[in-house]
Amino acid sequence: MLTYNDKFRNKSLSIFKRFRSKNIPKSKNIVINNTLNNPKRPILPTNNELTNHIKQNFIDQVQLLDPSIQLKPLSQIKQESETKFYTSYLKPSYQWLSENKLSSDLMSLFNSMNTMSGIHSFTINQLFGKKKDIQWVQENSHFQIDWNDFMSTNLSVGDIVCLRQYPDQLAMCVQLPNQIEDTRYTFALVDGTLVFAFKSAVNLRLPSMFNEEEWGFNLHKSRLVKTNKLTLKSETKTETQKSNNKKRDNNLGYFKNDRNISHFLPVIAKQLISSYLPSYFNEKAWELLPTVERKLFQLHLELRSVKKDTPWQVDLPYILNYLTGNNPNSGKYNTKFDPSLIVATFWSLRNQQEDKILWGDFQFSNASLNPVSITILPNDKLRRAISSLNSHVIKDFVDDYNNNITDKNERTNLEQKYPNVAIFLKDYVAGNLISESIAGPLLCKIFKNLSNYRREHNLSKDLAHKLLTEISKSSSPNPLLKNHELNLESLEIKTDEKIFEFYGDFPELEYKNAPSLPIFKDPIYCIDSIDAHEIDDGISIKHKGGNIYTLSIHIADPTSYFVDTDGNSNTLKLSNYTDIYTIAQNRSFTTYLPDKVQPMFPELFVKQIDLGNKRARTLGFKVDIEFINNNKDINVLRNTFDFQRYNAENIPKGFTYEIVDKILEGHKKVDPEHHKNLTKLYQISNLLYKKRIIEDNAIIFGEGFNKGLVKLDSESQVHFYDNKNTKSTTLVSEIMILANKLSGEYLAKNKIPAIFKSYKELNVDPQVAAKYNNLKLQTKKSLEVTNMSIYLPSFQDITKYMSILNTSTFVCNPNLPHNMLGCKHYATVTSPLRRFPDIINHLQMCAFKQTKKFIFTEQEIRSILQKNILPRDIILRKYSKKVSKYWTLKQYKVGDILPSIMITSLPVMNSSGFVCLYSQYASGVLRLAPNHSFKVGDIVENCKITKVDALDGVLEASL
């Protein structure tokens with residue numbers, strides 16, 4: 001039986017044969033040449049007659065069979081091709097050069113291209129060859145990137161990136177987000193292909209190396225990407241199809257979020273700007289790749305010998321120094337590197353992650369959009385286990401499982417009989433095996449013949465965890481805690497715990513050890529949650545006279561136990577409890593997870609020195625506050641800022657957040673002195689809050705955030721709670737921000753090497769920036785009007801701007817501001833029992849005040865930052881979210897209904913991001929039908945869950 005295609009082909013052939021067999025008819029208008037000399041010569045028609053004849057007898061008949069087929073004569077094809085080349089290539093390039101006022105030699109060569117006649121005389125490639133670009137690259141082949149400067153910058157036009165979608169080639173950022181509804185950046189591949197992606201798609205970034213003096217124009221002000229509007233008129237169906245085809249031909253480009261707007265990159269901009277350096281670095285990186293891979297393999301062997309059974313992080317500058325022949329342990333740390341080497345190193349590490357399982361995850365900075373370090377896998381245990389899992393071992397395991405399918409006790413013994421299967425599954429569900437090319441085939445071989453799992457269509461980590469719990473007696477309810485990045489259960493961690501236990505009760509830390517310190521007798525209010533693990537800050541206030549009050553912020557003082565004065569040089573040195581200090585440096589932060597807390601310091605050490613005791617040694621920061629304008633505003637008298645160590649003897653107990661809120665609301669009676677002090681403290685904090693918004697342009701969020709936070713009780717039951725902004729939380733947070741702000745100013749003013757915290761707003765199009773600034777302006781105006789209620793951006797408001805919000809990070813540069821908090825200099829000092837940067841800043845500030853010298857040089861602090869603080873900060877942020885999401889998604893199953901969700905991203909490929917209104921961790925992807933259309937911030941009701949994988953953080957739903 002003939003199909004439609006067979007019938008169509010046969011009919012077309014018959015039409016063509018009839019056309020070939022017919023005699024060309026003689027026309028009365030035919031002009032006959034040389035017929036007298038050659039009477040037998042055939043009479044030929046003119047070109048127009050031949051064209052018309054072909055059209056009537058072949059083209060028209062073929063189109064009757066299928067109207068979508070468009071056959072054209074050669075002359076029409078040629079004309080349309082030249083028109084398309086002119087409108088799509090020459091004209092946009094000429095306009096782009098004219099707008100950007102490039103050098104006169106380029107413009108003179110291009111002037112002839114502004115007409116159709118220029119097509120035959122010039123091509124863009126020929127013109128490009130006349131420019132000195134290739135020579136410029138060769139002369140500047142010593143490109144160098146300063147790692148320290150570069151890591152403090154944001155993604156911008158001209159930056160070269162490696163995208164997740166195109167991992168083996170480089171692209172250039174050619175356009176910033178220019179619509180608040182769609183905050184994707186535009187990237188151009190070497191061949192000119194445009195890619196629209198969020199900043200989260202960037203795996204590696206190199207700063208722009210475009211030489212503005214060389215080219216004579218500002219790349220950041222240049223509009224590299226052009227747009228064409230395609231306005232379709234009302235036409236018949238056939239005419240519309242023809243019009244669409246024609247318009248697509250004449251408007252070469254890519255559609256971002258509107259099918260009527262075509263985006264394209266002028267070809268001259270591509271060749272001069274976007275393709276040029278990425279292509280060069282791409283080629284050089286591929287040349288370096290074999291050598292870099294060999295050296296990285298050798299480096300891995302050397303590093304693994306340092307800590308054989310413990311995963312740890314090595315920073316990228318260390319690796320790059322090793323690859324360039326500079327001993328990274330010599331103290332002479334090079335910070336400038338060839339961009340091609342950075343790219344080749346990234347590609348090589350990624351290849352060895354996938355193929356050889358030598359490295360764990362990168363620690364990726366969302367602020368700089370670059371990896372800062374990578375995890376070294378501890379030993380060959382996983383690699384040996386995987387290599388042993390051949391088809392015979394897997395078959396024996398499957399047979400034993402199926403034979404004992406009803407015997408639970410026998411199944412749990414399978415771990416002992418097949419330890420390598422258990423090792424593979426444990427590391428896979430913990431996220432230690434990131435190579436899907438290795439994990440995928442092994443999972444398929446295991447699951448496809450297991451009786452209980454034959455009907456499973458999606459192989460997920462949740463499924464692997466379910467199998468692991470069946471065959472192993474030691475499986476964890478939360479396998480993420482065994483992740484090598486977190487490093488909560490390695491041999492080194494167990495050794496650290498033994499060191500902590502060795503010190504016992506720390507008898508030498510008693511209060512009497514600091515008799516020479518001044519005594520602070522005013523009440524210090526330590527306001528914290530009732531289940532706080534450490535009490536490291538407190539606040540006191542004293543009326544100085546008139547409208548001036550002295551505000552004191554008292555912080556636990558662990559650093560005083562670590563240092564001694566060197567009598568010979570009158571400098572401070574770290575000499576006491578160095579093993580505890582080293583462990584704290586390696587941990588860098590206290591780890592807070594819903595089901596696990598790992599302290600930075602030993603628990604007994606913390607309990608003896610924190611402010612949870614009746615008396616404590618503190619580092620007190622003092623500043624005077626002056627009330628002005630009838631107590632409606634305050635001045636922070638910065639010239640009165642000072643700090644010193646105290647013996648604090650008046651620390652009243654029981655002032656939790658909940659109790660303080662009741663006192664401030666008048667619902668709880670306390671001593672009149674406490675009531676007066678807390679009321680004045682809240683008054684100051686409330687005015688500090690308003691001052692940061694109005695004068696410092698700080699970013700403040702309203703209600704709707706921090707919902708659905710997770711905690712587990714002692715019986716491992718999951719509970720959800722919301723963090724709310726109350727008077728007590730405002731009191732504490734604003735005064736702590738002030739202490740960190742004043743400390744940052746002190747460190748910067750005295751040029752003391754320290755660790756600062758920075759938040760830089762992302763580079764976006766001026767139109768997007770204007771809308772974002774307008775959102776902040778509404779809050780500012782509402783505070784300036786006395787009787788107007790305070791306007792705070794809602795959860796729905798901020799959701800629209802979430803993708804253009806940056807991430808804060810720790811830095812050594814004092815000149816990098818914290819824009820979100822409204823601080824020019826910001827250095828944390830208020831939590832030294834749980835943040836190692838605060839330890840560094842305490843040591844530096846106290847040493848400078850006492851001796852005018854520093855304990856650490858800037859290079860030493862930068863080394864601590866890169867090796868310890870930055871990687872650990874990234875890991876803890878990542879797994880705090882990952883673990884919270886795991887426990888949240890564990891509460892859902894396929895078929896459940898999500899009552900209310902908010903759209904968080906514009907639909908792309910019939911999918912939009914969403915978040916549940918009642919839980920920030922219940923977020924995922926909403927699959928849309930073609931007729932669904934939603935905007936960011938829209939609320940959608942009653943969606944059905946179609947897929948859940950809690951360990952991978954996957955949640956999918958549909959309407």
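Note that full-length UniProt numbering has the sequence shown beginning at 1, numbered continuously upward.
Built from N, CA and C at the ideal position, the CB exists for glycine as well.
query: Pick from P523, Y646, I628 and L709: whose alpha carbon is nearest that of P672?
result: To locate residue 672, count along the sequence shown from 1; it is residue 672. When only C-alpha atoms are compared, the closest one is P523.
- prompt: Buried or exposed: where does E695 fall if 16 or more other Cβ atoms within 10 Å of its Cβ makes it buried?
  reply: Position 695 of the sequence shown, counting from 1, holds the residue named residue 695. Burial call: exposed.
- prompt: With DSSP run on the structure shown, which of helix, strand or coil describes M172?
  reply: Looking up residue 172 in the sequence shown gives position 172. Correct three-state label for M172: strand.
task: Quickly, what does DSSP pair Q796 with across the bridge? List them, please.
output: If you number the sequence shown from 1, residue 796 lands on position 796. Note: Q796 sits in no beta bridge, so no partner.
message: Distance check for V883 and H484, CA to CA, integer angstroms please.
response: For the purposes of this step, residue 484 is taken as the residue at position 484 of the sequence shown. For the purposes of this step, residue 883 is taken as the residue at position 883 of the sequence shown. Rounded to whole angstroms, H484 to V883 spans 14 Å at the Cα level.
query: Would you call D713 buried or exposed, if buried means 16 or more other Cβ atoms sit within 10 Å of its Cβ?
result: Counting from 1 along the sequence shown, the entry for residue 713 is found at position 713. Flag for D713 reads exposed.
message: Beta-carbon within less than 7 Å of F627's beta-carbon, same chain only, minus the 5 sequence neighbours each way: which residues are those?
response: By 1-based counting over the sequence shown, the position of residue 627 is 627. Result list for F627: N547 and I634, in chain order.
S275 (DSSP reduced to helix, strand or coil): Walking along the sequence shown from the start, residue 275 turns up at place 275. In this structure, S275 counts as coil in the three-state DSSP scheme.
- prompt: Using a Cβ-Cβ cut-off of 6 Å (strictly less than) and excluding sequence neighbours within five positions of I423, which residues of its own chain qualify?
  reply: Translated into the one-based positions of the sequence shown, residue 423 becomes position 423. Same-chain partners within the cutoff: A385.
- prompt: By DSSP, does E239 sit in helix, in strand, or in coil?
  reply: Numbered from its first residue, the sequence shown carries residue 239 at position 239. Low confidence applies here, because E239 scores a pLDDT of 43, under 50, leaving its location unreliable and the question unanswered by this model.
message: Suppose the cutoff is 8 Å on Cβ atoms and the five residues either side in sequence are ignored; what does the same chain contact list for I735 look like?
response: In the sequence shown, counting from the first residue as 1, residue 735 sits at position 735. Apart from sequence neighbours up to five positions away, the residues of its chain that approach I735 with a beta-carbon distance below 8 Å are I539, L551, I553, L681, I684, S685 and L688, ordered along the chain.
task: Please report how far the alpha carbon of K91 lies from the alpha carbon of F210, in whole angstroms.
output: Within the sequence shown, numbered from 1, the residue matching residue 91 stands at position 91. Within the sequence shown, numbered from 1, the residue matching residue 210 stands at position 210. Their backbone Cα atoms lie some 24 Å apart in a straight line.
query: Of all the options K573, V732, P594 and T153, which has the alpha carbon lying nearest to the alpha carbon of S368?
result: Translated into positions along the sequence shown, residue 368 becomes position 368. Minimum Cα distance to S368 is reached at T153.
query: In whole angstroms, what separates the C-alpha of F187 from that of A197?
result: To locate residue 187, count along the sequence shown from 1; it is residue 187. To locate residue 197, count along the sequence shown from 1; it is residue 197. Taking the straight line from one Cα to the other gives about 8 Å.
query: Curious, which full-length beta strand (DSSP E) runs of at least 3 residues does the stretch 294-376 contain?
result: Whole beta strand (DSSP E) segments, 3+ residues: 312-315, 359-365 and 370-376.
task: Determine, using beta carbons only, whether L593 and S923 come nearer to each other than 8 Å.
output: Position 593 of the sequence shown, counting from 1, holds the residue named residue 593. Position 923 of the sequence shown, counting from 1, holds the residue named residue 923. It is not a contact, given that the beta carbons lie outside the stated cut-off.
task: Report yes if the C-beta distance between V343 and L323 is below 8 Å; otherwise report no.
output: Taking the first residue of the sequence shown as 1, we reach residue 343 at position 343. Taking the first residue of the sequence shown as 1, we reach residue 323 at position 323. Result no, Cβ atoms of V343 and L323 do not sit closer than 8 Å.
task: Could you pull out every residue in the same chain whose Cβ sits closer than 6 Å to the Cβ of V768, ignoring the five residues on either side in sequence?
output: Locating residue 768 in the sequence shown gives position 768, where the first residue counts as 1. So the list reads P177 and I180, once near-sequence residues are dropped.
message: Closer than 8 Å is the cut-off here; do at least three beta carbon pairs connect the stretch 356-376 with the stretch 313-323?
response: yes
- request: Jot down the residue ranges of each uninterrupted alpha helix (DSSP H) in the stretch 378-417, minimum 4 residues, whole runs only, in chain order.
  value: 381-388, 391-403, 408-412 and 414-417
Limits of the unbroken beta strand (DSSP E) element including residue 961: Since the first residue of the chain shown is 1 and the last is 959, residue 961 is not available in this structure.
query: With DSSP run on the structure shown, which of helix, strand or coil describes T469?
result: Start at 1 with the first residue of the sequence shown, and residue 469 comes out as number 469. In the three-state reduction of the DSSP assignment, T469 falls in the helix class.
field: Stretch-stretch touch, CB-based, cutoff 8 Å, three pairs: the stretch 269-286 with the stretch 830-848
entry: No: the two stretches stay apart, fewer than three of their Cβ pairs being nearer than 8 Å.
Coarse secondary structure for L265, derived from DSSP in three states: Position 265 of the sequence shown, counting from 1, holds the residue named residue 265. Coil, per DSSP.
message: Tell me which residues share the same chain as D797 and place their Cβ nearer than 7 Å to its Cβ, disregarding the 5 neighbours each side in the sequence.
response: By one-based count along the sequence shown, residue 797 stands at place 797. Once the five neighbours on either side are set aside, the close Cβ partners of D797 are L775.
query: So, I945 versus Y892, is the Cβ gap smaller than 8 Å?
result: Residue 945 sits at position 945 when you count from the first residue of the sequence shown. Residue 892 sits at position 892 when you count from the first residue of the sequence shown. In contact: I945 and Y892 (Cβ atoms closer than 8 Å).
- request: Check each candidate in L296, V225 and Y276 and name the one with the smallest Cα separation from I261.
  value: Looking up residue 261 in the sequence shown gives position 261. For the residues L296, V225 and Y276, the minimum Cα distance to I261 belongs to V225.
query: What does C846 pair with, by DSSP beta-bridge criteria?
result: The count along the sequence shown starts at 1 and reaches residue 846 at position 846. Per DSSP, none; premise fails for C846.
Burial state of L955, where buried means 16 or more other Cβ atoms lie within 10 Å: Within the sequence shown, residue 955 is the residue found at index 955, counting from 1. Buried, by the Cβ-count rule.
Cβ contact (3+ pairs, closer than 8 Å) linking the stretch 331-338 and the stretch 391-410: Segment contact: the stretch 331-338 against the stretch 391-410, fewer than three CB-CB distances shorter than 8 Å; contact not assigned.
query: Rounded to the nearest angstrom, how far is the Cβ of L468 from that of S475, given a contact under 8 Å?
result: Indexing the sequence shown from 1 puts residue 468 at position 468. Indexing the sequence shown from 1 puts residue 475 at position 475. The pair is a contact, with the Cβ atoms about 5 Å apart (cut-off 8 Å).
task: Could you check if L377 is buried or exposed, using at least 16 other CB atoms within 10 Å of its CB as the buried criterion?
output: By one-based count along the sequence shown, residue 377 stands at place 377. It counts as buried.
query: What does a CB cutoff of less than 6 Å around F621 pick up in its chain, not counting 5 residues either side in sequence?
result: Taking the first residue of the sequence shown as 1, we reach residue 621 at position 621. Result list for F621: I553, F643 and A739, in chain order.
query: Any heavy atom of the ligand HEM closer than 7 Å to the CB of I901?
result: Of the ligands one can find in the structure shown there are none, so the ligand HEM has no counterpart to examine.
- prompt: Do I268 and L574 have their C-beta atoms closer together than 8 Å?
  reply: Numbered from its first residue, the sequence shown carries residue 268 at position 268. Numbered from its first residue, the sequence shown carries residue 574 at position 574. No, the pair does not count as a contact, with Cβ atoms beyond the cut-off.
message: Assuming residue 993 and R834 are in contact, meaning their beta carbons sit under 8 Å apart, how far apart are those beta carbons, in whole angstroms?
response: Nothing about residue 993 can be reported from this structure: the residues present for the chain run from 1 to 959 only.
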